[in-house]
Ligand SMILES: *Cc1c(COP(=O)(O)O)cnc(C)c1O
């Protein structure tokens, strides 16, 4: 635990621990919820910041065979880590000029518009073999996918999908994390109507939130992301997932100041009493948002250590007056994400969602991976 004593930390300012055991438990729990639907994994943004090279092989060993990323570049980065049995799908679609690269790499594009369908169909004709694809339809979010009008054009045009092997028809919900939203069944109905006009293929709707809602939202394949990484799938409800991420920051200076002392950039805080302070080696360049200035906290055990003044680029000053004198010394670690301060709590303090905190955690931390011992003896 003591970062200062770890040989391999190379003097990093914080330690990010990724618990693959918990990740696999979360995958299994979601797969059990989804069954008999298949359970894919969304590993875009480098597995929500945790690292695809670490996360994806553990998921493959847990039985996952379907991986979603946002960009083709992410798919190419992921491919070496998942073997040949698993499929990779690119959610953001097929960009002009990248069709051959996508096909040659055996990546499955999500076709989000008629131009993309046409480009893929033309490539299939040119290479004289069927090319696999997912078709996304927009059921009411206006982000990605074919509109109702485009679906009509597609189904009226003879041979519009010629040479395209339809792996999946999918959509995405605007309010999947709101279990009681009346908009979810509305989108479901619109999606099923659009899918019925298309050639028969397996269907997919659900992100983490909609997987938790269950029922007709599961269809043939679910696509959870954030819940795999330990974030609760439904806003405002108890979090049933196992925590995957722990973040600790190193204390790099401690001091005691009298009343009337300016603290941090801009002197936005002036001590109104004698205070004990500790500076930690994590800042906004590590994805700890500057808007947590004077709002957020770190923890030592269950003791809350408020952020004093502004968050700097590489450091944060904490008010550690609540700890006994000498309780924190140079090289000690404090908790930023862990049992006392969840991702949800940090996000609430920062006025954002856990996704943004998780995906922003940055590259400067030392990383420790706890192995997925729960796989041992289960998968050869
Ligand atoms: C990101 C994404 C997901 C995963 O969403 P979570 O809320 O993280 O589970 C699923 N489907 C699509 C289309 C996405 O963009």
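Numbering (the working numbering), first residue to last: 102 to 481.
We put the beta carbon where it would ideally sit given N, CA and C, even for glycine.
To the nearest angstrom, how far is it from the Cα of residue i to the Cα of residue j?
i           : j           : result
residue 477 : residue 328 : In this predicted model, residue 477 has a pLDDT of only 48, less than 50, meaning its place in the structure is not dependable; the value taken from the coordinates is given anyway. C-alpha separation (whole angstroms): 23 Å.
residue 338 : residue 243 : 27 Å
residue 406 : residue 149 : 27 Å
residue 460 : residue 151 : 8 Å
residue 472 : residue 121 : 5 Å
residue 104 : residue 418 : Bear in mind that a pLDDT of 49 at residue 104, under 50, signals an unreliable position, so the number given afterwards is only what the model happens to contain. The alpha-carbon atoms of residue 104 and residue 418 are separated by roughly 19 Å.
residue 112 : residue 434 : 13 Å
residue 445 : residue 117 : 17 Å
residue 280 : residue 307 : 12 Å
residue 102 : residue 189 : Low confidence applies to residue 102: its pLDDT is 48, below 50, so where it sits in the model is not reliable enough to give any reading.
residue 319 : residue 127 : 17 Å
residue 413 : residue 366 : 7 Å
residue 197 : residue 225 : 15 Å
residue 125 : residue 219 : 39 Å
residue 206 : residue 221 : 14 Å
residue 147 : residue 326 : 11 Å
residue 321 : residue 304 : 5 Å
residue 266 : residue 388 : 41 Å
residue 454 : residue 114 : 24 Å
residue 245 : residue 288 : 14 Å
residue 173 : residue 187 : 16 Å
residue 452 : residue 217 : 37 Å
residue 462 : residue 415 : 13 Å
residue 204 : residue 457 : 32 Å
residue 302 : residue 399 : 49 Å
residue 363 : residue 372 : 7 Å
residue 264 : residue 258 : 14 Å
residue 323 : residue 474 : 25 Å
residue 480 : residue 268 : Note that residue 480 scores 36 on pLDDT, short of 50, meaning its location in the model is unreliable; the coordinates nonetheless yield the value given after this. Roughly 27 Å between the two C-alpha positions.
Verify the contact flag: residue i, CB atom, against every heavy atom of ligand 2, threshold strictly below 8 Å.
i           : result
residue 444 : The model depicted lacks ligand 2 and carries ligand 1 instead.
Measure the CB-CB distance between residue i and residue j and report whether it falls below 9 Å.
i           : j           : result
residue 332 : residue 296 : no
residue 272 : residue 340 : no
residue 361 : residue 314 : no
residue 293 : residue 284 : no
residue 345 : residue 123 : yes
residue 286 : residue 312 : no
residue 235 : residue 212 : yes
residue 424 : residue 404 : yes
residue 467 : residue 110 : yes
residue 316 : residue 336 : no
residue 99  : residue 192 : Limits of the chain in this structure are 102 at one end and 481 at the other, which puts residue 99 out of reach.
residue 470 : residue 119 : yes
Thinking C-alpha only, which one of the options is nearest residue i?
i           : options            : result
residue 348 : 440, 372, 320      : 440
residue 299 : 141, 110, 248, 400 : 248
residue 427 : 354, 280, 373, 391 : 354
residue 397 : 234, 388, 409, 403 : 409
residue 194 : 186, 188, 201, 209 : 209
residue 250 : 220, 291, 260      : 291
residue 370 : 395, 387, 356      : 395
residue 145 : 342, 176, 401      : 176
residue 421 : 463, 448, 415, 374 : 374
residue 223 : 469, 201, 240      : 201
residue 330 : 238, 342, 203      : 342
residue 411 : 391, 203, 464, 258 : 391
Assuming residue i and residue j make a contact with CB atoms under 8 Å, what is their CB distance in whole Å?
i           : j           : result
residue 378 : residue 450 : So it is not a contact: roughly 19 Å between Cβ atoms.
residue 153 : residue 178 : 7 Å
residue 429 : residue 350 : Contact flag wrong, Cβ pair sits at about 11 Å.
So with Cβ pairs under 9 Å, would you call residue i a contact of chain B?
i           : result
residue 208 : In the structure shown, chain B does not exist; there is a single protein chain.
Q.
Under 8 Å, with one C-beta from each stretch per pair, do the segment 230-246 and the segment 170-186 reach the 3-pair mark?
A. no
Q.
Would you call the segment 156-165 in contact with the segment 379-388, where contact means no fewer than 3 C-beta pairs closer than 8 Å?
A. no
Q. Touch check for the segment 158-173 and the segment 120-136: three-plus C-beta pairs under 8 Å?
A. yes
Q) Three or more C-beta pairs closer than 8 Å, one from the segment 138-149 and one from the segment 165-175: is that the case here? A) yes
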